[in-house]
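This report refers to the structure that appears directly beneath it.
In the working numbering, the protein residues as written are 299 to 1112.
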């Protein structure tokens, strides 16, 4: 009878182990527990029960069972398992203790691997490397140790070593698709495309459903312009696993690049169900070169969602929103409204007059209201309608006694005041309008604080002509008066934020003196307004390393020194030289992990704006300094990454400024430069001739006159000016047409400047991927797209490609 029970118990134990191996943890636990009722001191069963509990997520119970097993028999495998439990509980010191104990009592390669894994998780790659090598020394056939060591070298950007150890792992674990995918990833980083492709395909051959291999192969094909092959693999992934937002997003990007728009609506609908969907949708939408190839109305609900989300740079999607608004309302005579019919139009609402229906829809359009509040409206046709409504509302508010008529239009009036503040009151207006505004201000100055609560239309219309902080009654608006939420938002924008920026200036150190006459003039110009005003930036859910960011810009370029040196630093030191109002440095901080940023600028006004935005986004890795680039060379610090965008061309001697920056660049660092293109800015010549001819001087009145002349003149030369964002705000237009000092570059001058400073050109950066794609098709032999002779010819044939600026990266000559 005893032998029969023993045999039965043995079968129970074997069955439990078999179920455990097959991942049936619940069933295995039941059998282990039944077995332990018969043999409560069986250490192996107690240990395996603890392991099954750990794999089921019952970590506290697992710890208790494994400790019980250890009390019976202190075996190294039990200590290993207990270390795993503590690791899962995020108790790394306890996990380390038990792994080390396992090693002491003969744990062998497994214990060394587990301890090494723990050091990888705590970013101690040197220690983990040492431990994996020890595991391999103890067991040269330990495939997992080779694999994990390949991963450590990958994290250190030691790609050749990573390849070596992945290959050794494959010699032992030759049927593992993960290893072939990891090896392919390394060859992709080296731009050894054929080898990467072959190993991805081998991984897919081993497991056709292994998504990482197929996804990365799709990325490889896309990176190298093989869009059809990329689409084939990503389409299969999408059909098999439509719940992955990254797959949906990549598929969306691929069909946009191919100009196939039938599936866009469905893909966007699916993408927007995910937390990151809004961000991914906005990124992908920007790949559309034209707004006219797609019925954008199907995207309107999603664009509204984007405009409500503070994680999105709203300006970059605004052009699509403008097209939707124009399709709805342009051609409906809204810009021709006159004061005589305006009162009747508002009074009738949508009851009688056809034009009234259109006007009321326009004034209450959710997409329009969000655009006015959250973006700079850079569209001349929409601007014309806004100016018409502003004038009509102004005149009606000045005479209308019945305030209830404005109740349904307060949202529009407040949004319009936001917009006019954003564009720094660039809309032209007559002396009659200003006189009317002053009369309304005088009336409000006579009111008591309680009456101001009901004067929202008056205050909003004033805020669309002048900033509220300049009005005498503004101090009363700062008191808590139970204003509606939208009105409080306007008070924050036009009063509180302005005052906060002024306070921020006192927190910024003046690091250098100003000795250069041109620098002094430039500083005076930029102290008049924070330049350029901006409203939002992209905030991805997950930051990436700088090396991954750099690889996304230059997928075909490999910078060995950058990878090996920068990749080993805990934090990169970054200098933003000429940060303006901070969008560049804040975007860098929200996108790139492990960076310490120093941002310098001449203008305290702009730096105050930057500090307010830094505080708004709760960023703690940016330090601001008031400094002149020409004097900053004495800072006794070098930087791994320097960005100097839109600054050198305003210096008296740009080459000298670049020389200063070069001395600040780490020997293995990289620097981004952006300067004006002579060809790209040729479109400004006609406007500047007009300025000289008419004798316009820079002041607000002169700027509005030349702007109105550009709006009225339909010549081709002015069309380009009207098409760029700079035309739609006062400080940006001033910078465009009236800058105190400006150098224009061509590619030969860039070559000369880089040679003089012993810098090597890496490549141009474009926001529009179509430009690089076209260049590659015309110059396929220039694999790295870094032949400046070719680019010189290419710009001649395509003069608008550097319309904004030449944006390019350089490094020290070796």
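All residues carry an ideal CB built from backbone N, CA and C; glycine is no exception. It should be emphasised that the depicted structure is a prediction, and the values quoted were computed from it without experimental measurement.
- Excluding its 5 nearest sequence neighbours in each direction, residue 881 has C-beta neighbours in its own chain below 7 Å: 832 and 835, listed in chain order.
- When the five nearest sequence neighbours on each side are left out, the beta carbons in the same chain lying within less than 8 Å of the beta carbon of residue 508 are those of 475, 476, 479, 501 and 502, in order along the chain.
- Considering only 965, 875, 349 and 869, the residue with the shortest C-alpha distance to residue 1111 is 965.
- Nearest to residue 382 by alpha-carbon distance, out of 1088, 601, 364 and 557, is 364.
- Contact between the region 703-715 and the region 1002-1012 is absent, with fewer than three C-beta pairs closer than 8 Å.
- With a cutoff of 7 Å on beta-carbon distance, residue 329 and residue 352 are scored as not near each other.
- The Cβ atoms of residue 550 and residue 565 lie closer than 7 Å to each other.
- Residue 683 is positioned such that its CB atom lies no closer than 7 Å to that of residue 623.
- Classified as buried, residue 414 has 16 or more neighbouring CB atoms from the shown chains inside 10 Å of its CB.
- Per DSSP, the unbroken alpha helix (DSSP H) holding residue 345 starts and ends at 341-353.
- At a Cβ-Cβ threshold of 7 Å, residue 692 and residue 757 do not count as neighbours.
- Pairing residue 510 with residue 327, the inter-Cα distance amounts to about 33 Å.
- The bridge partners DSSP lists for residue 942 are 971.
- Distances from the CA of residue 593 to each of 575, 605, 567 and 560 were compared; the closest alpha carbon is that of 560.
- Across the set 1052, 1095 and 1054, the C-alpha of 1095 shows the shortest separation from the C-alpha of residue 1073.
- Excluding its 5 nearest sequence neighbours in each direction, residue 851 has C-beta neighbours in its own chain below 6 Å: 1063, listed in chain order.
- Under the DSSP definition of a beta bridge, residue 1105 partners with 972.
- Here the C-alpha atom of residue 801 lies approximately 8 Å from the C-alpha atom of residue 906.
- Using a 10 angstroms sphere on the CB of residue 374, the tally of other CB atoms reaches 16 or more, which defines it as buried.
- Spanning the alpha carbons of residue 752 and residue 715 requires a straight line of approximately 17 Å.
- For residue 1066, the three-state secondary structure derived from DSSP is coil.
- Taking 4 residues as the minimum length, the alpha helix (DSSP H) runs contained wholly in the region 656-706 are 664-672 and 678-697, in order along the chain.
- Going by beta carbons, residue 400 and residue 378 fall inside the 7 Å limit.
- Residue range 893-899 is occupied by the beta strand (DSSP E) that includes residue 893.
- The continuous alpha helix (DSSP H) containing residue 424 extends over residues 423-436.
- Around the C-beta of residue 458, fewer than 16 other C-beta atoms lie within 10 Å, and the residue is accordingly described as exposed.
- Counting the other CB atoms within 10 Å of its CB gives residue 876 a total of 16 or more, which places it among the buried residues.
- A distance of 7 Å or more separates the beta carbons of residue 325 and residue 334.
- For residue 839, the closest C-alpha among the options 574, 380 and 555 is that of 574.
- Residue 920: member of the beta strand (DSSP E) spanning 920-924, first to last residue.
- The DSSP-derived three-state label of residue 415 is helix.
- Contact between the region 897-911 and the region 953-970 is absent, with fewer than three C-beta pairs closer than 8 Å.
- Under DSSP, residue 1061 forms a beta bridge with 1107.
- Note: residue 872 is bridge-paired with 895 and 939 in the DSSP secondary-structure output.
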